[in-house]
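> Structure incoming, see below.
Residue numbers (our numbering): 2 to 194.
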């Protein structure tokens, strides 16, 4: 059993590692590969584009893109892993999988979808709905805090700008909700006498 300090150290290392990968891939893609790695993003309705489910979260199109994904990834990702690292891995997986498949199914043809925002929206959906499914005081308090501080994210699931993958946001969000449902403790209904 890890101490609180040990758990925090593990969480910081994990988040720092993933964020470092975002930035290293972004720099290498710009400096060495001249943006060609973006072809490993999600290419809707193209069998080769399915590989983007795995690679797209690590690819970013601009300095602003990677920067704007870094802070919410750290904050929301850390809140997801507070209960356990297993939750973090599962929510990340479900958000990337559901977000990627949904984007691949309904995304605009001849488009490429990249970035960690689908996973971030998955964290948002998980944290928002965890309180609903779990119905514990702590989970509800976190859900309310997330709604107050990050509630504006919900508009990101709407097709408002052509250069933003609202499909990735929407399906990542749905993936997070699915994860919240699957990770919630199963409560036995009260039996009637």
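Glycine is no exception: its CB is placed at the ideal position from the N, C-alpha and C atoms. Predicted model only: the values in this text are computed from it and were never measured.
Quick check on this structure: which residue in 171, 175 and 56 has the alpha carbon closest to the alpha carbon of residue 108?
The option with the nearest alpha carbon to residue 108 is 171.
> My understanding is that residue 134 touches residue 185, with C-beta atoms under 8 angstroms, so please give their C-beta distance in whole angstroms.
Their Cβ separation, rounded to whole angstroms, is 4 angstroms, which keeps residue 134 and residue 185 in contact under 8 angstroms.
> Alpha carbon to alpha carbon, how far is residue 82 from residue 9? Give it in angstroms, no decimals.
If you take the alpha carbons of residue 9 and residue 82, they lie about 10 angstroms apart.
> Is it the case that the Cβ atoms of residue 169 and residue 114 are separated by a distance below 7 angstroms?
Result yes, Cβ atoms of residue 169 and residue 114 sit closer than 7 angstroms.
> Considering just the uninterrupted stretch of the alpha helix (DSSP H) at residue 140, what are its terminal residues?
Counting along the chain, the alpha helix (DSSP H) containing residue 140 begins and ends at 138-151.
> Check whether the region 84-91 and the region 52-72 touch, using three or more Cβ-Cβ pairs below 8 angstroms as the test.
The region 84-91 vs the region 52-72: no contact.
> Answer yes or no: do residue 120 and residue 148 have a C-beta to C-beta separation smaller than 7 angstroms?
No.
> Going by DSSP in three states, residue 114 sits in which element: helix, strand or coil?
In this structure, residue 114 counts as strand in the three-state DSSP scheme.
> Nearest-angstrom Cα distance between residue 66 and residue 116?
Their Cα atoms are separated by approximately 8 angstroms.
> What span of residues does the alpha helix (DSSP H) with residue 80 cover, start to end?
From DSSP, the alpha helix (DSSP H) with residue 80 extends over 64-82.
> What three-state label does DSSP hand residue 33 in the structure shown?
Three-state result, residue 33: coil.
> Locate the alpha helix (DSSP H) running through residue 103, then write down its first and last residues.
Residues 86-107.
> Mark residue 72 as exposed unless 16 or more other C-beta atoms lie within 10 angstroms of its C-beta, in which case mark it buried.
Its Cβ having fewer than 16 others within 10 Å, residue 72 is exposed.
> Can you say whether residue 5 is buried or exposed, counting buried as having 16 or more other CB atoms within 10 angstroms of its CB?
It is exposed - the Cβ of residue 5 has fewer than 16 other Cβ atoms within 10 Å.
> Would you mind sorting residue 131 into buried or exposed? The rule is 16 or more other CB atoms within 10 Å of its CB.
Result: buried.
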